[in-house]
Amino acid sequence: MREKIIDIALIVTLIVVAFGITWTLLTLNRSQARPPERPAAAERSSANSTEITPLPVDPSVRVQQNAGQPTVPNRQDAAAAVREGEPAQTEPTEPRVAEAEPVPPGPVRLERIGFSFVTGGAGACGVVLEPWEHVAVSRELLAAYGCGAEITIVLDDDKGGYDRVDAVIGDTMNPSFSRTVNIYVAEDEPAFEYGLTSGTLRP
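Just so you know, we're using our numbering here: the sequence shown kicks off at 35 and counts up by one.
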């Protein structure tokens, strides 16, 4: 009889311990899954806060109404800023274009003669460029002679075995150049080794 009572007590104790362990695990999981609560005072302060901190305003920039885009200061504003010792904001300028003198009749001294590879495509004059047959000339030379004009280039230095080239104008170049000719050469030639030279153009 006494042994039965001890067995029952042990079983009851095991049940109680198992229940306690299960309850503890459930409580821990529930507390970890719950998101942290914000302090009530912080919620009240954020909900009732209507104070706005102004941003510093640059007086040199004006904002257009209903556009939201800053305007570029006009010249009077720029001049006033310079007078006050502030850096003036200026409008962007276009790239500088070389102002070439009118092309005189007869031979023309060339300040720059370069060499470019043919690509198999057509130049500005609409003809397929061929090596040692076509040249690109600066804008004022193109205006003076026109596309398809036959010219002779006399080189100051021998390049690729040539000291003069009889060629046809087939292309032009960037407007920043003047008194300049580019001679087209084959793709397998050392055009970069030819470098730059000077010479004379004879129409």
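Even for Gly, the Cβ is constructed at its ideal location relative to N, Cα and C. Here the structure is a predicted model, which is why all the values come from computation and not from measurement.
Assign residue i to buried or exposed, taking buried as 16 or more other Cβ atoms, counted over all protein chains shown, within 10 Å of its Cβ.
i: L235; result: buried
i: K193; result: buried
i: L176; result: buried
i: S311; result: The structure shown does not extend to residue 311, since the chain is modelled only from 35 through 237, so no value can be given for it.
i: A52; result: exposed
i: I55; result: exposed
i: V199; result: buried
i: L144; result: buried
i: I187; result: buried
Less than 9 Å between the C-beta atoms of residue i and residue j, yes or no?
i: V171; j: N216; result: yes
i: Y239; j: L163; result: Only positions 35 to 237 of the chain appear in the structure, and residue 239 is not among them; the question remains open.
Let me check understanding here. Comparing Cα to Cα, which of the options lies closest to residue i?
i: G157; options: L60, V169, I49 and I39; result: V169
i: V142; options: V219, T214 and I42; result: T214
i: Y196; options: R173, C181 and P165; result: P165
i: I147; options: A178, A225 and G154; result: A225
i: G182; options: G154, P237 and T47; result: P237
i: I185; options: E167, R173 and E174; result: E167
i: P139; options: F149, A178 and S150; result: A178
i: G180; options: V161, F149, I203 and D41; result: I203
i: V137; options: L60, R173 and T58; result: R173
i: F149; options: E37, I40, A43 and E223; result: E223
To the nearest whole angstrom, what separates the beta carbons of residue i and residue j, a pair I think is in contact under 8 Å?
i: A220; j: V152; result: 7 Å
i: D205; j: G233; result: Not a contact, Cβ separation roughly 18 Å.
Any beta-carbon of chain C closer than 9 Å to the one on residue i?
i: D205; result: In summary, chain C is missing from the structure at hand, where a single protein chain is found.
Any idea what DSSP makes of residue i, helix, strand or coil?
i: T105; result: Here the model assigns T105 a pLDDT of 48, short of 50, so the residue's position is not dependable, and the following value carries that caveat. Coil.
i: L189; result: strand
i: V50; result: helix
i: T214; result: strand
i: E221; result: coil
i: I40; result: helix
i: A158; result: coil
i: A177; result: helix
i: R236; result: strand
i: T206; result: strand
i: L60; result: helix
i: E145; result: strand
i: E164; result: coil
i: E184; result: strand
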